[in-house]
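**Q** Got a structure for you, questions after.
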Amino acid sequence: MPADLNLTVDRKPLQVVAGTTAAQALDAAGVRDAVVVRVNGDAQLRDLAYTVAEGDRLEPVPLGSDEGRAVLRHSCAHVLAQAVQDLFPGTALGIGPPITDGFYYDFAPQRPFTPEDLAAIEKRMQQIIKQRQHFARRVVSADAARAEMAAEPFKLELLDLAYGPGSGGGEVSIQAAAEGASMEVGGAEITMYDNLLLPKDAPPQRVWTDLCRGPHLPTTRDIPAFSLTRSAAAYWRGSEKNPQLQRIYGTAWESREALKAHLAKVAEAERRDHRKLGAELDLFSFPDEIGSGLAVFHPKGGVVRREMEEYSRRRHIEAGYEFVYTPHITKGDLFETSGHLGWYADGMFPPMHVDGGDYYLKPMNCPFHNLIFAARGRSYRELPLRLFEFGTVYRYEKSGVVHGLTRVRGMTQDDAHIYCTREQMRDELASLLTFVLDLLSDYGLDDFYLELSTKDPDKFVGSDQDWDDATRTLAEVARASGLELVDDPGGAAFYGPKISVQARDALGRSWQMSTIQLDFNLPQLFELEYQASDGSRQRPVMIHRALFGSVERFFAVLLEHYAGAFPAWLAPVQVVGIPIAAEHVDYLREVAQALVAEGIRVEVDASDERMQKKIRTAQQQKVPYMLIAGDTDVGAGAVSFRYRDGTQKNGVPVADAVAEIVEAVRTRG
Ligand SMILES: [Zn+2]
Ligand SMILES: [Zn+2]
């Protein structure tokens, strides 16, 4: 008679006999939707086949949860690898972790995969799923694992990295060695996962095996919906020195509907991709002759950018900022003083040797602004001193991570540094956050949350008192804003706490926008001082603050947020005049003159195309207003509006039409 075990299942007590699996215990407790289980609060989840022990606390993890989806996606990666090895025998395996919204698996095939290959692989995966193969965990010794993986050179390397001599062993060393590889190895035990067919009247049949930590879904049949998305080259362990592998990406979801919704969202994101829109709307490009991550803005993109900058400039003047200009290169001494050459050299372009010294392209503006502060004695009466610059900086990004305008090598920051007294810090931060949120809203982003990054207790400069003061102030200011506040404990840079504003765009994606960063380090390194009212010399508090982050990145975010249909005040061309026939061109030119006199950007389409074609062109260019004129309009001194959404308003007197457009632009409509 086996002894009874006392468990807690989904927070309720349950007695079971020894040898019971998690699946049976959950079933007995009436829990139906779990795909894996958390035992005793462990970070590492377990298969449902786990045999329970006395006192175990089981928490079900459903398929539709974040963790459930990760298990689903990783299980799907196994199915992918099995399908690839079925169709392309001898293909060696890399790693296959779950990622945000999906999974991938790396392979070393004879040749890169084609779209036809992906279709065939997907079909084979469907068959594997239908077969209801069971994922079965098996603990092995390191030697046995090596023997089983003898034909898999990359898996052997992972085993050596995680458990070989000098590895240190376990999870930490494997994460450092190969990002994503902790799915395979790194646990306390080495485990293999077998895919088993369990026929009714025959012994179990092993059809495939992978080195893996798990956990997995009970069977392949538990994968409700998946899709392969693309393949791309990827270096083994992320290093160009290693062999190039082929990575197949896919996604998997808890239902067909969830998969469909996800694919629709991806398609919409592709439709809005700023790189695609940038070319279609003739806004900017990245000429090969200039180099990776270095954009040129074309006239139309130039208009959008100028309007973005001008509005920001105006608001900064109103808010008491003073404008400064600093050069793009500097002697290395400056970045020695600031410490950048010590801890940021990898992010900088290598030096130019001139006049027997090293000059660097600047990756940041702050040290320059500090020199302006230090150029003469400062009195408390001058504080807060707010220095602003559209400062162009250059950062060395690996060519693999450069991406459109969002990750570039040359960018212009809307960069400000505020120097204030300790007593002014609180008010300054409060008004700063309000200013930042107001200004972002004016560009059409209005769904925000805040993230507060606080001290890493092992890595910081400055006194505890300073950190406590600043952190408390930032937290109070953040709470007073009424916005959702997410804590990022230990996430601050070593030199001070930070608040960042995260904005959600029209697709619900979060973008880190503005940062407000306290700095206790630079004022000390640059020995910045001001004379206090009592005559003593004091060190100012320094706040770094970029609102757009970079103009380029903000441009990309807005472009995608609006899907290219900028509000009228930002649109490169605000109005297109479309004559019904050639004889109406002159009339529309007069209307255009009236608009130009009000500062409106207007074109008259006098080409030989038919009217319908002209309307289509203006629509494709996402021009906010079309003004159409034919005989009736000319006779009445009027025009007909056609808006971007296709609606129309006929017979509007010219003066009213001009007023409507001017008003929309003035109010940033
Ligand atoms: Zn696995
Ligand atoms: Zn700065």
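Start counting the sequence shown at 3; every next residue gets the next number (the working numbering).
Glycine residues also receive a C-beta, built at the ideal position from the N, C-alpha and C atoms.
Since we're looking at a predicted model, the values are computed, not measured.
Quick check: what's the CA-CA separation for V463 versus S538?
**A** Their backbone Cα atoms lie some 24 Å apart in a straight line.
**Q** Among P201, Q595, V575 and E585, whose alpha-carbon lies nearest the alpha-carbon of D610?
**A** Residue E585 is the option with its Cα nearest to D610.
**Q** Under 8 Å between the Cβ atoms of G492 and D458?
**A** Yes, these two residues count as a Cβ contact at 8 Å.
**Q** Assuming F568 is part of the alpha helix (DSSP H), what are its boundary residues?
**A** Segment: none, F568 is in no alpha helix (DSSP H) and carries neither H nor E.
**Q** According to the neighbour-count rule (16 or more other Cβ atoms, all chains shown, within 10 Å of its Cβ), is H405 buried or exposed?
**A** Looking at its Cβ environment, which holds fewer than 16 other Cβ atoms inside 10 Å, H405 is exposed.
**Q** Going along the chain, which residues of its own chain have a beta-carbon closer than 7 Å to the beta-carbon of H276, five neighbours each way excluded?
**A** Contacts found: G406, L407, A558, L561 and E562.
**Q** Would the beta-carbon of L219 fall within 8 Å of that of R208?
**A** It is not a contact, given that the beta carbons lie outside the stated cut-off.
**Q** Just mark V174 as buried or exposed, buried being the case when its beta carbon has 16 or more other beta carbons within 10 Å.
**A** Only weak support exists for where V174 lies, its pLDDT of 49 falling under 50; the value from the coordinates is given anyway. Exposed is the call here.
**Q** Given 7 Å as the limit, tell me if D224 has its C-beta closer than that to any heavy atom belonging to ligand 1.
**A** Flag unset: Cβ of D224 not near ligand 1.
**Q** For the stretch 435-450 against the stretch 507-519, are there 3 or more C-beta pairs whose distance is under 8 Å?
**A** Yes, since at least three Cβ pairs between the stretch 435-450 and the stretch 507-519 fall closer than 8 Å, the two stretches touch.
**Q** Hey, E309 and M413: beta-carbon distance below 8 Å or not?
**A** No, Cβ-Cβ distance for E309 and M413 is not below 8 Å.
**Q** Return the CA-CA distance between F337 and Y398, expressed in angstroms with no decimal places.
**A** Rounded to whole angstroms, F337 to Y398 spans 15 Å at the Cα level.
**Q** Please write down, chain order preserved, every residue whose beta carbon lies under 5 Å from a heavy atom of ligand 4.
**A** Ligands displayed in this structure: ligand 1 and ligand 2; ligand 4 is not among them.
**Q** Tell me, please, whether the stretch 541-552 touches the stretch 278-294 by the rule of three or more beta-carbon pairs shorter than 8 Å.
**A** Output reads no: the stretch 278-294 does not touch the stretch 541-552.
**Q** Excluding the five sequence neighbours on either side, which residues of its own chain have a C-beta within less than 8 Å of the C-beta of M151, listed in chain order?
**A** So the list reads K157, L158, L161 and L213, once near-sequence residues are dropped.
**Q** For T222, which three-state DSSP category applies?
**A** DSSP places T222 in helix when its eight states are reduced to three.
**Q** Any idea if M354 is buried or exposed, counting beta-carbon neighbours within 10 angstroms, 16 or more meaning buried?
**A** Answer is exposed; the Cβ neighbour count stays below 16.
**Q** Determine which residues share a DSSP beta bridge with S229 and list them.
**A** The partner list for S229 (beta bridge, DSSP) reads T253.
**Q** Cβ-heavy atom distance between C1 and ligand 1 below 7 Å?
**A** This structure does not reach residue 1, given that the chain is present from 3 up to 671, and the question cannot be answered.
**Q** Find out if the Cβ-Cβ distance for the pair D490, T517 is shorter than 8 Å.
**A** Not closer than 8 Å, so no.
**Q** I'd like the list of long-range same chain contacts for N652, defined as Cβ closer than 7 Å, with 5 residues on each side in sequence excluded.
**A** The answer, listed in chain order, is S642.
**Q** Does ligand 1 have a heavy atom nearer than 7 Å to the CB of Y673?
**A** Outside the displayed span of the chain (3 to 671) sits residue 673, for which this structure offers no information.
**Q** Please classify W571 as buried or exposed, where buried requires at least 16 other C-beta atoms within 10 Å of its C-beta.
**A** Classification for W571: buried.
**Q** Is it buried or exposed, T475, if we count other Cβ atoms within 10 angstroms and call 16 or more buried?
**A** Result: buried.
**Q** So who's on the other strand from V604, going by DSSP bridges?
**A** DSSP lists V577 as partners of V604.
**Q** Which value, in whole angstroms, describes the spacing of the CA atoms of R315 and R428?
**A** Near 24 Å, if we compare the C-alpha coordinates of R428 and R315.
**Q** Would you mind reading off the limits of the beta strand (DSSP E) that contains N197?
**A** I192 to L199 is the extent of the beta strand (DSSP E) around N197.
**Q** Buried or exposed: M3, going by 16 or more other Cβ atoms within 10 Å of its Cβ?
**A** Only weak support is given to the placement of M3: the predicted model assigns it a pLDDT of 48, under 50, and the value that follows is read from those uncertain coordinates. Looking at its Cβ environment, which holds fewer than 16 other Cβ atoms inside 10 Å, M3 is exposed.
**Q** For a minimum of 3 consecutive residues, which ranges assigned as the beta strand (DSSP E) are wholly contained in the stretch 459-519?
**A** DSSP runs (the beta strand (DSSP E)) wholly in the stretch 459-519: 487-490 and 500-506.
**Q** Quick check: the Cα distance between G639 and A594, rounded to an integer number of angstroms?
**A** The alpha-carbon atoms of G639 and A594 are separated by roughly 13 Å.
**Q** Is the Cβ-Cβ distance between L74 and V37 less than 8 Å?
**A** The answer is yes: Cβ separation under 8 Å.
**Q** Regarding Y106 and ligand 1, is the C-beta to nearest heavy atom distance less than 7 Å?
**A** No, the Cβ of Y106 stays beyond 7 Å of every heavy atom of ligand 1.
**Q** Do Y52 and ligand 1 come close, with the Cβ less than 7 Å from some heavy atom?
**A** Y52 Cβ: outside cutoff for every heavy atom of ligand 1.
**Q** Between M185 and ligand 1, is the CB less than 7 Å from at least one heavy atom?
**A** Yes.
**Q** My understanding is that Q84 touches I130, with C-beta atoms under 8 Å, so please give their C-beta distance in whole angstroms.
**A** At roughly 6 Å, the Cβ-Cβ gap stays under 8 Å, so Q84 and I130 are in contact.
**Q** Are there any heavy atoms of ligand 1 lying less than 7 Å away from the beta-carbon of H136, as far as the coordinates show?
**A** Incorrect: H136 has no Cβ contact closer than 7 Å to ligand 1.
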